[in-house]
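Student: My structure is below; once you've seen it, I'll send some questions.
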Amino acid sequence: MATSTSTSTAAPAVVEEHQFPLPPILTHPSAAPPTLITQGAEGRLYKTTFFSPDIPCALKYRPPKPYRHPVLDARLTKARLAFEAKVLERCRREGVPVPAVYAQNAAAGWIAVEWIEGAPVRVKINEWLGQRPKNEEEERSAAEQDQGPLIELMKRIGAAIAALHRTGVVHGDLTTSNMMLRPHTKKTTTTMTSEQTNGVSKEEEKAKLLEGDVVIIDFGLANQSQSDEDRATDLYVLERAFASTHPRAENLFEHLLESYKQSFKKGASVLHKLEDVRMRGRKRSMIG
Amino acid sequence: MALETLRIEHVPSDHHVYAALFRDVQNVDFLQAQLIGKNPEFEYAFIDASVIISRTHLFAAIFRALNTLIEGTLQTPNVHSDIVIGLSPTNNISESYRRYGLTPSKTRDVLVIKVVYPKLSSENSTITSEQLTPESIWQHLTTHIQGTPVPLTNEEFAKSTDWVKVRKYYKLNGMPGVERIDKADEEGRRREMEGLIISGIALRGL
Numbered sequence: 001m002a003t004s005t006s007t008s009t010a011a012p013a014v015v016e017e018h019q020f021p022l023p024p025i026l027t028h029p030s031a032a033p034p035t036l037i038t039q040g041a042e043g044r045l046y047k048t049t050f051f052s053p054d055i056p057c058a059l060k061y062r063p064p065k066p067y068r069h070p071v072l073d074a075r076l077t078k079a080r081l082a083f084e085a086k087v088l089e090r091c092r093r094e095g096v097p098v099p100a101v102y103a104q105n106a107a108a109g110w111i112a113v114e115w116i117e118g119a120p121v122r123v124k125i126n127e128w129l130g131q132r133p134k135n136e137e138e139e140r141s142a143a144e145q146d147q148g149p150l151i152e153l154m155k156r157i158g159a160a161i162a163a164l165h166r167t168g169v170v171h172g173d174l175t176t177s178n179m180m181l182r183p184h185t186k187k188t189t190t191t192m193t194s195e196q197t198n199g200v201s202k203e204e205e206k207a208k209l210l211e212g213d214v215v216i217i218d219f220g221l222a223n224q225s226q227s228d229e230d231r232a233t234d235l236y237v238l239e240r241a242f243a244s245t246h247p248r249a250e251n252l253f254e255h256l257l258e259s260y261k262q263s264f265k266k267g268a269s270v271l272h273k274l275e276d277v278r279m280r281g282r283k284r285s286m287i288g
Numbered sequence: 001m002a003l004e005t006l007r008i009e010h011v012p013s014d015h016h017v018y019a020a021l022f023r024d025v026q027n028v029d030f031l032q033a034q035l036i037g038k039n040p041e042f043e044y045a046f047i048d049a050s051v052i053i054s055r056t057h058l059f060a061a062i063f064r065a066l067n068t069l070i071e072g073t074l075q076t077p078n079v080h081s082d083i084v085i086g087l088s089p090t091n092n093i094s095e096s097y098r099r100y101g102l103t104p105s106k107t108r109d110v111l112v113i114k115v116v117y118p119k120l121s122s123e124n125s126t127i128t129s130e131q132l133t134p135e136s137i138w139q140h141l142t143t144h145i146q147g148t149p150v151p152l153t154n155e156e157f158a159k160s161t162d163w164v165k166v167r168k169y170y171k172l173n174g175m176p177g178v179e180r181i182d183k184a185d186e187e188g189r190r191r192e193m194e195g196l197i198i199s200g201i202a203l204r205g206l
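This is the structure in structure tokens:
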């Protein structure tokens, strides 16, 4: 089952659930209790429901930082959440695949966004790579032919980033963990799969693994920028992250860049800049 | 047919939200006059149902207003008028009343929301919330609203939605996020627009 990985990562979170006091907004009644999904450097992410019990949502909470002056802390938290919300809305209106904003109270430190079904791209790619033949010789022969679906996924990621950059937003922390692969929502899917599983070959089943829409999440470090430099840095961060998370697929990154270039008018000059960024790293030179 | 109690996630349990939808209301001008005259017996949110696309759309506005009520940052005299302006993605309050509230001789279908919550004793109200029950509210509504009550379902909302107005008010015309979806995929477009409407409601004032 595709869900096995996501449940195993969620399981320890349930145990830790009561380590932190819930943000006030989540202390009010809901159909199912909120669960802590992750604890990041800046905040906590809860899965809960919004408006109605049948609408799942992700609620991001930035708790007050005791080491900061309270006035400054409140102002920073509010400004960052407000910015994140605005970036999400702008992307959404422009057709970049990102979660919708359901509600926010930046002053109270929370924002509730649409829950994206599926799994992080990181999980899906590793699942895919894990299924490939372990034997090196077999792998080499299989490599050329059966990477098709993964190449397709790389292209879709490239196109999603191109759409993001086209709206004048840079993500700031692109990794395969900050992208979700959302299964297509066809009404027939559930009945189809149960009937078809027996007849479907292993190959087809494997190809299904990487199906779905790429949805970019976590805009906590996003920025507004139209500069090639910032866009190239976005790609560079992803390139480095990709190489260390999926070393076996490192050679496929070029497909992502190619698709980025094709879906974005300014793509070519961004890729040119990427060469420079690669030479010196993410941090811009302080000279000049 | 009776008043529906809306259960909205993450709302304090002592805040009760009731709602009803009336079709072909004949006395919109009377209802509007009670609001303008600040008749305390008519402390309701009266909404022109043609600007509502779904229950979730409505819940988003109610949630927002309840949140400001709890935070003590209401922008209008009470939570009911805040629900009406809560529907708006813009900060212009009088425009919001005009667009989402009642318009005599134009509004046909009226959506009524009543919030009952423990008021602080300092708050001035001739009717204390404790005296209000779903039954008494329903009785009051049916006595004074000349219209046909229908259930608050997405199907009923869909029947009266004026998409020309909705698309204009929420600035959805020509939005790439909507336009990129195939015209034949009506449900997909509707869902995308709902997402944008809710984001607009959530982000007002940022």
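Here the protein sequences line up with chains A and B, keeping their order. Numbering follows full-length UniProt numbering, with no gaps: position 59 of the first sequence is 59. Numbering follows full-length UniProt numbering, with no gaps: position 191 of the second sequence is 191. Don't be surprised by glycine CBs; every beta carbon is placed ideally from N, CA and C. Since this is a predicted model, take the numbers as computed values, not measurements.
Taking Cβ-Cβ distances shorter than 8 Å, what residues in chain A pair up with residue 11 (chain B)?
Tutor: Along the second sequence, one-based indexing puts residue 11 (chain B) at 11. Result: 28, 29.
Student: Compare the C-alpha of residue 151 (chain A) against each of A:108, A:115, A:128 and name the closest.
Tutor: Within the first sequence, numbered from 1, the residue matching residue 151 (chain A) stands at position 151. Nearest option by C-alpha distance: A:128.
Student: Helix, strand or coil, according to DSSP, for residue 151 (chain B) in the structure here?
Tutor: Along the second sequence, one-based indexing puts residue 151 (chain B) at 151. If DSSP states are grouped into helix, strand and coil, residue 151 (chain B) belongs with coil.
Student: Identify which residue in A:24, A:61, A:278, A:208 has its Cα closest to the Cα of residue 40 (chain A).
Tutor: In the first sequence, counting from the first residue as 1, residue 40 (chain A) sits at position 40. The candidate whose alpha carbon is nearest that of residue 40 (chain A) is A:61.
Student: Verify whether the separation of the beta carbon atoms of residue 181 (chain A) and residue 171 (chain A) is less than 8 Å.
Tutor: As a working note, residue 181 (chain A) is residue 181 in the first sequence. As a working note, residue 171 (chain A) is residue 171 in the first sequence. Cβ atoms of residue 181 (chain A) and residue 171 (chain A): not closer than 8 Å.
Student: Sorted by chain position, which residues of the same chain lie with C-beta nearer than 8 Å to residue 74 (chain A)'s C-beta, five sequence neighbours on each side aside?
Tutor: Counting from 1 along the first sequence, the entry for residue 74 (chain A) is found at position 74. Closer than 8 Å at Cβ, skipping near neighbours: 64, 107.
Student: Compare the C-beta of residue 25 (chain A) against all C-beta atoms of chain B and say whether one is closer than 8 Å.
Tutor: Here residue 25 (chain A) is taken as the residue at index 25 of the first sequence, counted from 1. Chain B, which has a Cβ nearer than 8 Å to the Cβ of residue 25 (chain A), makes this yes.
Student: Straight-line CA distance for residue 193 (chain A) to residue 205 (chain A)?
Tutor: Position 193 of the first sequence, counted from the start, is the residue given in the question as residue 193 (chain A). Position 205 of the first sequence, counted from the start, is the residue given in the question as residue 205 (chain A). Bear in mind that a pLDDT of 44 at residue 193 (chain A), under 50, signals an unreliable position, so the number given afterwards is only what the model happens to contain. The alpha-carbon atoms of residue 193 (chain A) and residue 205 (chain A) are separated by roughly 10 Å.
Student: State buried or exposed for residue 92 (chain A), treating a residue as buried only when at least 16 other CB atoms are found within 10 Å of its CB.
Tutor: Indexing the first sequence from 1 puts residue 92 (chain A) at position 92. When all chains shown are included, residue 92 (chain A) counts as buried.
Student: How would you write the range of the alpha helix (DSSP H) that residue 279 (chain A) sits in, first residue to last?
Tutor: Start at 1 with the first residue of the first sequence, and residue 279 (chain A) comes out as number 279. 267-280 is the span of the alpha helix (DSSP H), which, as asked, contains residue 279 (chain A).
Student: Since residue 104 (chain A) meets chain B, which of its residues come closer than 9 Å, beta carbon to beta carbon?
Tutor: Here residue 104 (chain A) refers to the residue found at position 104 of the first sequence. Those within 9 Å of residue 104 (chain A) in chain B are 202, 203, 206.
Student: Taking residue 47 (chain A) as the query, report the chain B residues whose CB atoms sit under 7 Å from its CB, ordered along the chain.
Tutor: Within the first sequence, numbered from 1, the residue matching residue 47 (chain A) stands at position 47. By Cβ distance, chain B contributes nothing, its closest Cβ being about 12 Å from residue 47 (chain A), past 7 Å.
Student: Between residue 274 (chain A) and residue 111 (chain B), what straight-line distance do the alpha-carbon atoms span, to the nearest angstrom?
Tutor: Counting from 1 along the first sequence, the entry for residue 274 (chain A) is found at position 274. Counting from 1 along the second sequence, the entry for residue 111 (chain B) is found at position 111. Each residue's alpha carbon lies about 56 Å from the other.
Student: Using a Cβ-Cβ distance cut-off of 8 Å, determine whether residue 153 (chain B) contacts chain A.
Tutor: As a position in the second sequence, residue 153 (chain B) is number 153, starting the count at 1. Answer no: the Cβ-Cβ gap between residue 153 (chain B) and chain A never drops below 8 Å.
Student: Write down the C-beta distance between residue 21 (chain B) and residue 150 (chain B) rounded to the nearest angstrom, noting that I regard them as a contact closer than 8 Å.
Tutor: Stepping through the second sequence from its first residue, residue 21 (chain B) is reached at position 21. Stepping through the second sequence from its first residue, residue 150 (chain B) is reached at position 150. Yes, they are in contact, since the Cβ atoms of residue 21 (chain B) and residue 150 (chain B) sit about 5 Å apart, within 8 Å.
Student: Can residue 244 (chain A) be considered in contact with the ligand ADP, in the sense that its beta carbon sits closer than 7 Å to one or more heavy atoms?
Tutor: The ligand ADP is not part of the structure shown, which contains no ligands of any sort.
Student: What is the DSSP secondary structure of residue 228 (chain B), counted as helix, strand or coil?
Tutor: Because chain B is modelled from 1 through 206, residue 228 (chain B) falls outside the range shown and cannot be assessed.
Student: Where do the ends of the beta strand (DSSP E) carrying residue 163 (chain B) lie?
Tutor: Along the second sequence, one-based indexing puts residue 163 (chain B) at 163. Premise fails: residue 163 (chain B) lies in the alpha helix (DSSP H), 163-169, not in any beta strand (DSSP E).
Student: Report buried or exposed for residue 103 (chain A), applying the criterion of at least 16 other Cβ atoms within 10 angstroms of its Cβ.
Tutor: Locating residue 103 (chain A) in the first sequence gives position 103, where the first residue counts as 1. Residue 103 (chain A) should be labelled buried.
Student: Assess, as a yes-or-no matter, whether the stretch 174-192 of chain B is touched by the stretch 55-68 of chain B under the definition of 3 or more beta carbon pairs within less than 8 Å.
Tutor: Too few Cβ pairs lie closer than 8 Å, so no.
Student: Measuring CA to CA, which of A:29, A:209, A:239, A:45 is closest to residue 20 (chain A)?
Tutor: Taking the first sequence and counting its residues from 1, the one referred to as residue 20 (chain A) is at position 20. Per the Cα distances, A:45.
Student: Check residue 180 (chain A) in the structure and name its three-state DSSP category.
Tutor: Translated into the one-based positions of the first sequence, residue 180 (chain A) becomes position 180. It is a strand residue.
Student: With a cut-off of 8 Å, do at least 3 Cβ pairs link the stretch 146-160 of chain B to the stretch 46-57 of chain B?
Tutor: Counting Cβ pairs under 8 Å, three or more are found: they touch.
Student: Please classify residue 201 (chain B) as buried or exposed, where buried requires at least 16 other C-beta atoms within 10 Å of its C-beta.
Tutor: Your numbering for residue 201 (chain B) matches position 201 in the second sequence. The residue in question, residue 201 (chain B), is buried, as its Cβ has 16 or more Cβ neighbours within 10 Å.
Student: Residue ranges of each alpha helix (DSSP H) run of no fewer than 4 residues wholly in the stretch 39-119 of chain B, ordered along the chain?
Tutor: Segments of the alpha helix (DSSP H) lying fully in the stretch 39-119 of chain B: 55-71, 79-86, 93-100.
Student: Is residue 34 (chain A) buried or exposed, if buried means 16 or more other CB atoms sit within 10 Å of its CB?
Tutor: Residue 34 (chain A) sits at position 34 when you count from the first residue of the first sequence. Per the 10 Å Cβ criterion, buried.
Student: Measure the C-alpha to C-alpha separation of residue 196 (chain A) and residue 202 (chain A) and round it to an integer number of angstroms.
Tutor: On the first sequence, residue 196 (chain A) is found 196 positions in, with the first residue counted as 1. On the first sequence, residue 202 (chain A) is found 202 positions in, with the first residue counted as 1. For residue 196 (chain A), the predicted structure reports a pLDDT of 46, less than 50, and the residue's modelled location is therefore unreliable. A value from the coordinates is still provided. Their Cα atoms are separated by approximately 12 Å.
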